[in-house]
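Visitor:
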């Protein structure tokens, strides 16, 4: 009887030790699974132009400490974080100058690109300074570019990312609509111009989403997050035209990154 009790007690201790070791192993495995290598690519909507607090070392790329990639990295402490997004970047700039941190070990990639290729800056300049018909014509030119040329350029970027980071989860983020129609603005562009610009943003997003899906990438739509926070909403997360700082015009504010881009990216990462 005593021997049985000793045997049972020993078995119990052994079982407890096995469970403890198993638990430790599971915890360690969980830690390893949560550790990841993150690379943030793209244009000014990823670098954080408009959010302020720019890293001086980033120069003209204007990478902000308040941009959504930095905010995500601060909240999730990835094993490594490389931030190569740059203001003004087009698809070719991403391919030629931003992909160096990617490797077979990369787990997560974020990206915004396509707006500069489609002539976003020129469209806005035309619509601000010229007639309604000139604005619509320039938007139609941009839409034609999105139909004929942009898909191939996006394919080149997406293929290059997959080649260098074959195992990575790639989240391609879109662009917000810029204007709340029938909103609080009493001056500036006509409603027809604003509506055409919003439609163009939707058109670009649809093209980017389609190419992303064809490469097995996740498209993250930020339009719902920015709804109610467009220019003319009275609670904008986007800079309107600022003649004293043209570069930040029509870009997300710090609130646009923390309240708009960050939660959308987080839900897809």
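Residue numbers (my numbering): 86 to 354. Here a beta-carbon is modelled for each residue, glycine too, at the ideal position from N, C-alpha and C. What you are looking at is a predicted structure, and each value in this text was computed from that prediction instead of being measured.
Going by other Cβ atoms of all chains shown within 10 Å of its Cβ, with 16 needed for buried, is residue 129 buried or exposed?
Guide: For the purposes of this step, residue 129 is taken as the residue at position 44 of the chain shown. Buried is the call here.
Visitor: Around the Cβ of residue 147, are there at least 16 other Cβ atoms within 10 angstroms (buried) or fewer (exposed)?
Guide: Position 62 of the chain shown, counted from the start, is the residue given in the question as residue 147. Classification of residue 147: buried, given that the 10 Å Cβ count is 16 or more.
Visitor: Where does the unbroken alpha helix (DSSP H) through residue 232 begin, and where does it stop?
Guide: Here the question's residue 232 lines up with position 147 in the chain shown. Here the alpha helix (DSSP H) through residue 232 covers 217-233.
Visitor: In chain order, what are the residue ranges of uninterrupted alpha helix (DSSP H) at least 4 long that sit wholly in the region 250-322?
Guide: 276-299 and 308-311
Visitor: From the DSSP output, in three-state form, read off residue 240 for me.
Guide: The count along the chain shown starts at 1 and reaches residue 240 at position 155. Note: residue 240 maps to helix in three-state DSSP.
Visitor: If you draw a straight line from the alpha carbon of residue 263 to that of residue 155, how long is it in whole angstroms?
Guide: Taking the first residue of the chain shown as 1, we reach residue 263 at position 178. Taking the first residue of the chain shown as 1, we reach residue 155 at position 70. Roughly 24 Å between the two C-alpha positions.
Visitor: Which value, in whole angstroms, describes the spacing of the CA atoms of residue 226 and residue 201?
Guide: Within the chain shown, numbered from 1, the residue matching residue 226 stands at position 141. Within the chain shown, numbered from 1, the residue matching residue 201 stands at position 116. Roughly 14 Å separates the two Cα atoms.
Visitor: Using 8 Å as the cut-off, can you tell me whether the region 183-192 makes contact with the region 232-251, which would need three or more C-beta pairs spanning the two stretches below that distance?
Guide: yes
Visitor: Among 208, 346, 231 and 171, which has the Cα closest to the Cα of residue 310?
Guide: Within the chain shown, the letter at position 225 stands for residue 310. Looking at the Cα atoms, 346 is the closest of the given residues.
Visitor: How big is the Cα-Cα spacing for residue 183 and residue 272?
Guide: Stepping through the chain shown from its first residue, residue 183 is reached at position 98. Stepping through the chain shown from its first residue, residue 272 is reached at position 187. Cα-Cα distance, rounded: 40 Å.
Visitor: State the Cα-Cα distance for the pair residue 277 and residue 217, rounded to the nearest angstrom.
Guide: Position 192 of the chain shown, counted from the start, is the residue given in the question as residue 277. Position 132 of the chain shown, counted from the start, is the residue given in the question as residue 217. Whole-angstrom Cα-Cα distance: 8 Å.
Visitor: DSSP has residue 122 in a bridge; who is on the other side?
Guide: Within the chain shown, residue 122 is the residue found at index 37, counting from 1. Residue 122 is bridged to 165.
Visitor: Name the residue from 244, 283 and 334 whose alpha carbon lies nearest to the alpha carbon of residue 180.
Guide: Here residue 180 is taken as the residue at index 95 of the chain shown, counted from 1. Ranking 244, 283 and 334 by Cα distance to residue 180 puts 244 first.
Visitor: What's the C-alpha gap between residue 285 and residue 224?
Guide: Residue mapping note: residue 285 aligns to position 200 of the chain shown, counting from 1. Residue mapping note: residue 224 aligns to position 139 of the chain shown, counting from 1. Rounded to whole angstroms, residue 285 to residue 224 spans 7 Å at the Cα level.
Visitor: Less than 8 Å between the beta carbons of residue 246 and residue 198, yes or no?
Guide: As a working mapping, residue 246 is identified with position 161 in the chain shown. As a working mapping, residue 198 is identified with position 113 in the chain shown. Contact flag unset, no.
Visitor: Look at the Cβ atom of residue 231, then the Cβ atom of residue 288, and state whether they are nearer than 8 Å.
Guide: Taking the chain shown and counting its residues from 1, one reaches residue 231 at position 146. Taking the chain shown and counting its residues from 1, one reaches residue 288 at position 203. Yes; because the gap between Cβ atoms is below 8 Å, this pair is in contact.
Visitor: If you run the structure through DSSP and keep just helix, strand and coil, what is residue 134?
Guide: Numbered from 1 along the chain shown, position 49 holds the residue referred to as residue 134. Coil.
Visitor: Who pairs with residue 334 in a beta bridge, going by DSSP?
Guide: Within the chain shown, the letter at position 249 stands for residue 334. In the DSSP assignment, no residue is bridged to residue 334.
Visitor: Going residue by residue through the region 145-202, where are the continuous beta strand (DSSP E) segments of at least 3 residues, counting only ones entirely within it?
Guide: Assignment of beta strand (DSSP E) within the region 145-202, counting only whole runs of 3 or more residues, yields 165-168 and 193-196 in chain order.
Visitor: So if DSSP puts residue 139 in a beta bridge, which residue, or which two residues, is it bridged to?
Guide: Your numbering for residue 139 matches position 54 in the chain shown. The bridge partners DSSP lists for residue 139 are 149.
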